[in-house]
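Trainee: Residue numbers (our numbering): 2 to 614.
Idealized CB from N, CA, C, for every residue including glycine.
All values derive from a computational prediction rather than experimental measurement.
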């Protein structure tokens with residue numbers, strides 16, 4: 002039922018149509034109710050245009066190349082998998098969408114790293130996401146430019162985005178700021194705007210439920226302290242919504258949700274296709290505001306509703322169906338790790354001792370002696386006097402919010418004996434869990450691991466904890482290591498992939514691709530069979546969403562090698578976390594015992610190799 006007073010028909014508030022804003026994406030992430038703010042600056046049709054003198058024009062000489070006064074650094078990848086063809090720009094697919102988002106975030110992370118280093122001199126941090134978006138758009142690195150009603154190729158329901166510009170580069174929602182996207186539909190006699198997508202951030206009186214959304218129209222200056230509220234007008238986005246209500250066409254809905262890791266920001270969730278079932282007007286601050294009731298189309302995968310369920314679980318574990326333990330770690334981690342089985346009657350995995358980090362055996366030879374930094378407060382990006390930064394080739398390996406910038410042969414973190422603060426940004430892998438993880442029973446692969454929280458690309462998830470085993474002694478021990486299903490081995494062969502940014506986009510010198518190949522001082526084998534952490538529950542996938550990175554830090558003048566896991570891409574809540582287990586070297590794969598160790602892969606990926614191990 003409509004909320005507020007008795008509805009007034011929208012057609013009673015028709016007004017003359019005003020020009021549509023055409024601007025470059027250089028503003029805030031928030032929605033501007035008075036401007037459509039399309040990123041590409043395309044003209045959207047005569048019915049919504051005013052006189053030529055009233056049109057806003059994008060400056061012809063606008064410089065979209067980021068300011069790169071910071072010294073250029075070496076990069077790890079020259080190119081990704083080729084440029085995007087015109088066909089893929091017009092209409093994407095899952096592979097193209099993922100590739101565009103990977104390229105965007107890789108560039109954004111590098112720009113963030115550069116801006117963090119410049120903070121020492123001028124204290125100004127600019128929007129790396131906007132710089133990256135402008136740069137990629139100007140070079141045609143985008144997809145789904147052919148605008149249409151309905152689903153967008155390659156974007157799946159439940160996909161998450163941490164920046165509004167990401168919606169633009171994959172063609173899910175074209176306006177950079179406005180909450181309403183529309184196109185002009187023409188027939189023999191007339192042409193009119195039709196809504197194709199909206200972004201709801203629950204900031205303008207929107208009321209959200211699992212399958213129903215009460216959406217407020219745009220304009221009227223509501224919520225703006227420096228402007229007087231006025232009646233909303235039936236033009237641009239509002240007019241498009243009315244026409245879509247009359248036509249009954251499908252509209253893509255993106256929901257903005259507060260980011261638990263950064264409450265000042267939002268996570269944008271694609272919630273699928275909706276239709277407008279009802280429209281009316283309400284009075285707010287003495288002015289008229291349009292309201293639209295969106296109803297979700299049936300038969301679609303769950304997306305936003307899953308977020309609502311997770312909120313209830315966090316308020317009280319008892320509401321989680323299949324809960325066995327609220328905290329598998331018994332308080333050993335910063336956040337609890339739930340144990341859940343809603344598949345069968347199994348009460349939990351085989352017994353093991355939970356230990357949050359790596360335990361080196363006494364007989365294992367540590368790497369060469371090492372010394373930490375002399376920073377007295379916190380290590381600062383761009384500080385040439387920090388020895389830990391020098392070990393990382395002069396670049397801070399993480400952004401200011403702890404996101405990994407790029408894969409490196411080896412990352413050097415500050416160790417326990419470094420005098421810098423415990424919360425130094427160069428101790429990311431030592432800070433413990435930051436997201437609420439859940440160990441759950443899968444239908445066909447034993448126990449698995451997933452997160453209640455959204456995970457951003459490059460986020461640290463956990464390290465591989467367990468007991469370090471000497472490789473030679475492990476072989477001599479025979480069956481114990483061979484039959485251990487909870488072994489991580491750096492000597493295995495892993496599928497190669499490119500994750501780092503493209504130096505050519507920033508006119509930097511590029512080195513060879515080996516920068517993403519790991520350079521480990523000595524082989525590392527870890528057994529988590531009897532002692533370990535959540536990493537032991539991560540299953541294998543031939544198309545994983547998590548990768549491992551070797552990290553080195555010193556303690557008592559000795560260097561310790563650790564294995565840290567980071568997110569390859571944005572990971573929605575309740576998505577299983579997986580990584581590549583790798584395969585044995587060809588010279589080790591000879592003989593029946595090695596062949597018996599290979600396991601049938603059940604990852605279900607289109608790139609599945611059929612086996613692993």
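(1) On the criterion of 16 or more Cβ atoms from any shown chain inside 10 Å, does residue 372 qualify as buried, or is it exposed?
(2) Using DSSP with H/G/I as helix, E/B as strand and the rest coil, what is residue 463?
(3) Note down the Cα distance separating residue 117 from residue 376, rounded to an integer number of angstroms.
(4) Give me the DSSP bridge partner(s) of residue 236.
(5) Given a cut-off of 8 Å, decide if residue 263 and residue 145 are closer than it, judged by their beta-carbon atoms.
(6) Taking its Cβ as the centre, do 16 or more other Cβ atoms sit within 10 Å of residue 381, making it buried, or is it exposed?
(7) Can you give me the Cβ contacts of residue 186 inside the same chain, cut-off strictly under 7 Å, excluding the 5 residues immediately before and after it?
(8) Output the boundary residues of the alpha helix (DSSP H) element that contains residue 137.
(9) DSSP three-state label for residue 508, please.
(10) Identify which residue in 453, 324, 133 and 222 has its Cα closest to the Cα of residue 348.
(11) Of all the options 387, 271 and 536, which has the alpha carbon lying nearest to the alpha carbon of residue 356?
(12) Over the uninterrupted beta strand (DSSP E) stretch that includes residue 549, give me the two end residues.
(13) Closest to residue 1 by C-alpha separation, out of 353, 556, 557 and 239, would be which residue?
(14) For residue 286, count neighbouring C-beta atoms within 10 Å of its own C-beta (all shown protein chains included) and say buried if the count is 16 or more, exposed if not.
(15) Note down the Cα distance separating residue 1 from residue 109, rounded to an integer number of angstroms.
(16) Could you give the distance in angstroms between the alpha-carbon of residue 434 and the alpha-carbon of residue 425?
(17) Are the Cβ atoms of residue 545 and residue 581 separated by less than 8 Å?
(18) Can you tell me whether residue 413 is buried or exposed, with buried defined as 16 or more other CB within 10 angstroms of its CB?
(19) Tell me which same chain residues have a C-beta within less than 6 Å of the C-beta of residue 502, skipping the five on either side of it?
(20) Identify whether residue 343 lies in helix, strand or coil by the three-state DSSP scheme.
(21) Please report the Cβ distance between residue 251 and residue 280, rounded to the nearest whole angstrom; I am assuming they are in contact, meaning their Cβ atoms lie under 8 Å.
(22) Hey, could you find the ends of the beta strand (DSSP E) residue 253 is sitting in?
(23) Mind listing, in chain order, the continuous alpha helix (DSSP H) runs of no fewer than 4 residues lying wholly within the segment 300-354?
(24) For a minimum of 4 consecutive residues, which ranges assigned as the alpha helix (DSSP H) are wholly contained in the segment 380-415?
(25) Can you have a look at residue 456 and say buried or exposed, based on whether 16 or more other CB atoms are within 10 angstroms of its CB?
(26) Just curious, the alpha helix (DSSP H) that residue 165 is in, first and last residue?
(27) Mind checking residue 524: buried by the 16 CB within 10 Å criterion, or exposed?
(28) Let me know if residue 216 comes out buried or exposed under the rule of 16 or more other beta-carbons within 10 Å of its beta-carbon.
(29) As a quick exercise: from 228, 568 and 551, pick the residue whose alpha carbon is nearest that of residue 561.
(30) Residue 119 by DSSP, collapsed to three states: which one?
(31) Would you identify the three-state DSSP class for residue 430, choosing helix, strand or coil?
(32) Please state whether DSSP places residue 559 in a helix, a strand or coil.
(33) Once the 5 residues before and after residue 212 are set aside, which same chain residues still bring their CB inside 6 Å of it?
(34) Per DSSP, which residues does residue 501 bridge with? Please list them.
(35) Suppose you measure from the CA of residue 152 to the CA of residue 383; what does that come to, to the nearest Å?
Mentor: The structure says:
(1) Within the chain shown, the letter at position 371 stands for residue 372. Exposed: under 16 other Cβ atoms inside 10 Å.
(2) Counted from its first residue, the chain shown places residue 463 at position 462. It is a strand residue.
(3) To locate residue 117, count along the chain shown from 1; it is residue 116. To locate residue 376, count along the chain shown from 1; it is residue 375. Cα to Cα, residue 117 sits roughly 17 Å from residue 376.
(4) For the purposes of this step, residue 236 is taken as the residue at position 235 of the chain shown. Answer is none; residue 236 lacks a bridge partner.
(5) By 1-based counting over the chain shown, the position of residue 145 is 144. By 1-based counting over the chain shown, the position of residue 263 is 262. Contact flag unset, no.
(6) Counting from one through the chain shown, the residue named residue 381 turns up at place 380. With 16 or more Cβ atoms within 10 Å of its Cβ, residue 381 is classed as buried.
(7) Start at 1 with the first residue of the chain shown, and residue 186 comes out as number 185. Closer than 7 Å at Cβ, skipping near neighbours: 192, 193 and 195.
(8) Within the chain shown, the letter at position 136 stands for residue 137. Here the alpha helix (DSSP H) through residue 137 covers 129-139.
(9) Translated into the one-based positions of the chain shown, residue 508 becomes position 507. Coil.
(10) Counting from 1 along the chain shown, the entry for residue 348 is found at position 347. Of the candidates 453, 324, 133 and 222, the one whose C-alpha sits nearest the C-alpha of residue 348 is 324.
(11) Position 355 of the chain shown holds residue 356. Checking every option, the nearest Cα to that of residue 356 belongs to 536.
(12) On the chain shown, residue 549 is found 548 positions in, with the first residue counted as 1. Counting along the chain, the beta strand (DSSP E) containing residue 549 begins and ends at 547-556.
(13) What is shown of the chain runs 2 to 614, which leaves residue 1 out entirely.
(14) Within the chain shown, residue 286 is the residue found at index 285, counting from 1. So residue 286 ends up on the exposed side.
(15) A query on residue 1 cannot be resolved here, the shown segment of the chain reaching from 2 to 614 and no further.
(16) To locate residue 434, count along the chain shown from 1; it is residue 433. To locate residue 425, count along the chain shown from 1; it is residue 424. About 16 Å.
(17) In the chain shown, counting from the first residue as 1, residue 545 sits at position 544. In the chain shown, counting from the first residue as 1, residue 581 sits at position 580. A contact, by the Cβ cut-off of 8 Å.
(18) Looking up residue 413 in the chain shown gives position 412. Per the 10 Å Cβ criterion, buried.
(19) On the chain shown, position 501 is the one that residue 502 refers to. Same-chain partners within the cutoff: 107, 108 and 111.
(20) On the chain shown, residue 343 is found 342 positions in, with the first residue counted as 1. Three-state result, residue 343: coil.
(21) The count along the chain shown starts at 1 and reaches residue 251 at position 250. The count along the chain shown starts at 1 and reaches residue 280 at position 279. Not quite, the Cβ-Cβ distance comes to about 16 Å (not below 8 Å), so this is no contact.
(22) Looking up residue 253 in the chain shown gives position 252. Residue 253 -> beta strand (DSSP E) spans 252-260.
(23) 305-316
(24) 388-392
(25) Reading the chain shown from its first residue, position 455 is the one you call residue 456. That one is buried.
(26) Start at 1 with the first residue of the chain shown, and residue 165 comes out as number 164. First-last of the alpha helix (DSSP H) with residue 165: 165-170.
(27) Residue mapping note: residue 524 aligns to position 523 of the chain shown, counting from 1. Classification for residue 524: exposed.
(28) Stepping through the chain shown from its first residue, residue 216 is reached at position 215. Burial call: buried.
(29) Here the question's residue 561 lines up with position 560 in the chain shown. Comparing Cα-Cα distances from residue 561 to each of 228, 568 and 551, the minimum goes to 551.
(30) On the chain shown, position 118 is the one that residue 119 refers to. Looking at residue 119 - three-state DSSP - the assignment turns out to be helix.
(31) On the chain shown, position 429 is the one that residue 430 refers to. Residue 430: helix per DSSP, three-state reduction.
(32) Within the chain shown, residue 559 is the residue found at index 558, counting from 1. Strand, per DSSP.
(33) On the chain shown, residue 212 is found 211 positions in, with the first residue counted as 1. Here the set comprises 297.
(34) In the chain shown, the residue the question calls residue 501 occupies position 500. Beta-bridge pairing links residue 501 to no other residue.
(35) Numbered from 1 along the chain shown, position 151 holds the residue referred to as residue 152. Numbered from 1 along the chain shown, position 382 holds the residue referred to as residue 383. If you take the alpha carbons of residue 152 and residue 383, they lie about 44 Å apart.
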